[in-house]
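Heads up: the sequence shown begins at 0 in numbering that gives the first Met the number 0, then just goes up one per residue.
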Amino acid sequence: MNFTLIWEEALQNLEKRFKNTDSFFVFDTYIRFLKPQQEGDSSFYLLASDDIQKEMINERFFDVIKESVDEIISDRYGSGYDIDLYIQTSKEVEKHIKKEDDYSEQNMILNPYYTFENFIVGDSNRFAHAASMAVVDNPGTTYNPLFIYGGVGLGKTHLIQAIGNSILKKNPSAKIIYTTTESFINELIETIRRKTQEQFKRKYRSVDLFMMDDIQFIARSDSAKEELFHTFNTLHQAGKQIVISSDKPPAEIPNLEERLLSRFRWGILAKIDKPDYETRVAILREKLPYIKQITHTDFDVDDEVLHYIASKNDANIRDLEGALKKVILQALLYSTDKNIKTIDISITEEALSDFFNDSSKKAITPRYIINTVCSYFDISEDEITGKKKNKEIALPRQICMYFLRKECNVGFKAIGDMLGGRDHSTVMHACDKIKDQISTDIDIKNIINDIEQRIRE
Ligand code: ADP
Ligand code: MG
0 MNFTLIWEEA LQNLEKRFKN TDSFFVFDTY IRFLKPQQEG DSSFYLLASD
50 DIQKEMINER FFDVIKESVD EIISDRYGSG YDIDLYIQTS KEVEKHIKKE
100 DDYSEQNMIL NPYYTFENFI VGDSNRFAHA ASMAVVDNPG TTYNPLFIYG
150 GVGLGKTHLI QAIGNSILKK NPSAKIIYTT TESFINELIE TIRRKTQEQF
200 KRKYRSVDLF MMDDIQFIAR SDSAKEELFH TFNTLHQAGK QIVISSDKPP
250 AEIPNLEERL LSRFRWGILA KIDKPDYETR VAILREKLPY IKQITHTDFD
300 VDDEVLHYIA SKNDANIRDL EGALKKVILQ ALLYSTDKNI KTIDISITEE
350 ALSDFFNDSS KKAITPRYII NTVCSYFDIS EDEITGKKKN KEIALPRQIC
400 MYFLRKECNV GFKAIGDMLG GRDHSTVMHA CDKIKDQIST DIDIKNIIND
450 IEQRIRE
């Protein structure tokens, strides 16, 4: 049974079925782009590009899709076939299906969207970004290797692929390899099995730029560590650029021997932190046109929506992006019966009611902080953002600054802007002062505790 062909036909039937119905856009936008893949003669997969699509299609369209596939199969092959159909994301399937043949080269594709132009710079990633740009300007010299580390979903892959894209743009004939550590290991295992190590060595040791993503996984394989060590030496000696990413600093990667560690220290170490509030908003703003493009939608999105999503500040950027996609998808599902042009906060809250893990926790937005502090001290917003400097206003203002920083991770400059255009050093000073007083002044400590409780109520 050839599932690709079966799916081709099933698609044609589905298209007829959806035509002139309210759900045609779902067909046109999502179902059409599912990728068929099979395992043996009875397990068929349709791959969605992400979890949200997967869930949406599974929930609402699985039955009709299955029916249509069954129909084609019984037409073509007769009755009596009982197949399993799964709608999943490619990641889940990759885990499941052991691929025999296409193990090499697949790792070299760069995402064309991961460029410096699309990368928002904030305090959290300024240094890593600058170091990456420097590598593009002078590959193989000062910053070699460039070692970028930071938590999940904070932009490591984006940044190192931006280096690759940028170098290729400057020099289209540059030989570059981008690989995840996992696929490096898999390829090596396969290479050993097929006795093609020489080829493998040649491939990796002859490039101008070698990018290795998520190196924390290297611990799993001694032969991969060995291979990486020699690849590293050859490339470094030849003045070729090496870029590495990891979710933790080199010293914390388990089972990494000193000889590799010391090599990572030859270059430069750049950390990416969690982005602050305004960086998160800026990233969401940057992503919006792209998400509209891939969902084929053109809603106006209230700024408040971006702020709301950004205020879920524990989430990584991938989650924030996922949240925005989910909101747009929800609006899309609604838009057939209600004529929605603008996505507002109420659609957003509904769409995301169980999106973030800690959904019970309400969104602590800067607006909410300011309101809470004002009402605690019984002063108005005009007063807290105003000119007055007497103690009755100045202290609440400083406490407000402290909480904006602490709860929403808003940058000093942005806090100053929110509170009536105050200087960034004033804000910094206020935050430090309150922090000190919490440990030295019992009254302040009590006030801070009370407000904190109110914020979380
Ligand atoms: P990591 O590799 O650190 O887990 P990714 O590079 O995959 O994270 O980033 C997750 C998502 O967040 C990607 O879609 C990426 O484009 C986006 N992203 C992360 N940081 C930024 C940034 N500074 N500007 C724009 N997009 C970003
Ligand atoms: Mg990554």
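Built from N, CA and C at the ideal position, the CB exists for glycine as well.
For residue i and residue j, what's the separation of their Cα atoms in angstroms?
i: Phe-2; j: Leu-331; result: 30 Å
i: His-428; j: Leu-394; result: 13 Å
i: Phe-376; j: Arg-31; result: 57 Å
i: Arg-193; j: Gln-236; result: 29 Å
i: Arg-421; j: Glu-380; result: 15 Å
i: Glu-14; j: Thr-341; result: 29 Å
i: Ile-447; j: Ile-363; result: 16 Å
i: Lys-97; j: Ile-191; result: Note that Lys-97 scores 46 on pLDDT, short of 50, meaning its location in the model is unreliable; the coordinates nonetheless yield the value given after this. Answer to the nearest angstrom: the Cα atoms are 17 Å apart.
i: Thr-20; j: Ile-86; result: 22 Å
i: Ser-245; j: Gly-149; result: 7 Å
i: Arg-262; j: His-128; result: 22 Å
i: Leu-153; j: Glu-54; result: 24 Å
i: Glu-456; j: Lys-270; result: 34 Å
i: Glu-257; j: Asn-445; result: 49 Å
i: Ala-65; j: Ser-334; result: Reading off the sequence shown, one finds Lys at residue 65, where the question assumed Ala. Looking at the two C-alpha atoms, the distance is approximately 26 Å.
i: Tyr-102; j: Ser-182; result: Unreliable positioning characterises Tyr-102 in this predicted model, as indicated by a pLDDT of 37, which lies under 50. The coordinate reading is nonetheless provided below. Straight-line Cα distance between these residues: approximately 8 Å.
i: Lys-18; j: Phe-126; result: 52 Å
i: Val-280; j: Val-151; result: 18 Å
i: Phe-43; j: Lys-247; result: 38 Å
i: Ala-350; j: Ile-51; result: 12 Å
i: Ser-358; j: Ile-346; result: Reliability of the predicted coordinates at Ser-358 is poor, the pLDDT of 44 falling under 50, and the value obtained from them is presented with this limitation in mind. Each residue's alpha carbon lies about 16 Å from the other.
i: Asp-440; j: Arg-453; result: 20 Å
i: Glu-197; j: Trp-265; result: 27 Å
i: Ser-78; j: Gln-11; result: 21 Å
i: Asp-100; j: Glu-189; result: In this predicted model, Asp-100 has a pLDDT of only 39, less than 50, meaning its place in the structure is not dependable enough to derive any value.
i: Pro-171; j: Asp-301; result: 40 Å
i: Met-400; j: Asp-318; result: 27 Å
i: Asp-74; j: Phe-355; result: 44 Å
i: Thr-233; j: Thr-195; result: 19 Å
i: Gln-105; j: Leu-45; result: With a pLDDT of 41 at Gln-105, under the threshold of 50, the predicted position of this residue should be treated as unreliable, though the coordinate-derived value follows. C-alpha separation (whole angstroms): 20 Å.
i: Phe-168; j: Ile-176; result: First, the amino acid is wrong: residue 168 is Lys here, not Phe. Cα to Cα, Lys-168 sits roughly 15 Å from Ile-176.
i: Pro-35; j: Leu-4; result: 9 Å
i: Lys-390; j: Thr-180; result: 57 Å
i: Ile-82; j: Trp-6; result: 13 Å
i: Tyr-76; j: Met-0; result: 8 Å
i: Arg-201; j: Pro-138; result: 21 Å
i: Gly-385; j: Ile-378; result: 11 Å
Suppose contacts are defined by Cβ-Cβ distances below 8 Å. Is residue i in contact with residue j by that definition?
i: Leu-109; j: Asn-164; result: yes
i: Val-68; j: Leu-84; result: yes
i: Phe-60; j: Val-25; result: yes
i: Thr-178; j: Arg-204; result: no
i: Met-210; j: Ile-267; result: no
i: Glu-303; j: Ile-368; result: no
i: Ile-398; j: Val-372; result: yes
i: Phe-402; j: Ile-450; result: yes
i: Glu-226; j: Leu-259; result: no
i: Ser-310; j: Cys-430; result: no
i: Thr-88; j: Asp-49; result: yes
i: Leu-418; j: Ile-392; result: no
i: Ile-290; j: Ile-316; result: no
i: Val-206; j: Ile-166; result: no
i: Ser-131; j: Ile-184; result: no
i: Ile-56; j: Glu-8; result: no
i: Tyr-276; j: Pro-365; result: yes
i: Thr-294; j: Thr-114; result: no
i: Gln-337; j: Ser-123; result: Just to set this straight, residue 337 is Lys in the shown sequence, not Gln. Cβ distance not < 8 Å, so Lys-337 and Ser-123 don't count as in contact.
i: Val-426; j: Ile-443; result: no
Unbroken stretches of the alpha helix (DSSP H), 4 residues or longer, contained in the stretch 156-211 | Complete alpha helix (DSSP H) runs here, min 4: 180-193, 196-204.
What are the complete alpha helix (DSSP H) segments, minimum 4 residues, inside the stretch 337-386?
-> With a minimum length of 4 residues, the continuous alpha helix (DSSP H) runs that stay inside the stretch 337-386 are 344-350, 365-376, 380-384.
Do three or more CB pairs link the stretch 155-169 to the stretch 111-122 at distances below 8 Å?
-> In short, these stretches touch, since the Cβ pair count reaches three.
Quick one: complete alpha helix (DSSP H) runs, 4+ long, within the stretch 50-131?
-> Annotation: the stretch 50-131 contains the following complete segments of the alpha helix (DSSP H) (minimum length 4 residues), in chain order: 50-76, 89-95.
Count the CB pairs spanning the stretch 205-223 and the stretch 252-272 that are closer than 8 Å, and state whether there are at least three.
-> Flag = yes, the stretch 205-223 and the stretch 252-272 touch.
Which residue spans inside the stretch 206-282 form an unbroken alpha helix (DSSP H) run of at least 4?
-> For the stretch 206-282, whole alpha helix (DSSP H) runs of length 4 or above, ordered along the chain, are 221-236, 257-263.
Are three or more beta carbon pairs between the stretch 277-292 and the stretch 312-326 nearer than 8 Å?
-> As far as the Cβ criterion goes, the stretch 277-292 touches the stretch 312-326, which means the pair count is three or higher.
How about the stretch 135-150 and the stretch 238-250: do they share at least three Cβ pairs that are nearer than 8 Å?
-> Contact holds: three or more Cβ-Cβ distances are below 8 Å.
Anything with a beta carbon under 7 Å from a heavy atom of ligand 2 counts; list them all in chain order.
-> Going down the chain, each residue whose beta-carbon is closer than 7 Å to a heavy atom of ligand 2 shows up: Lys-155, Thr-156, Asp-212, Asp-213, Ser-244.
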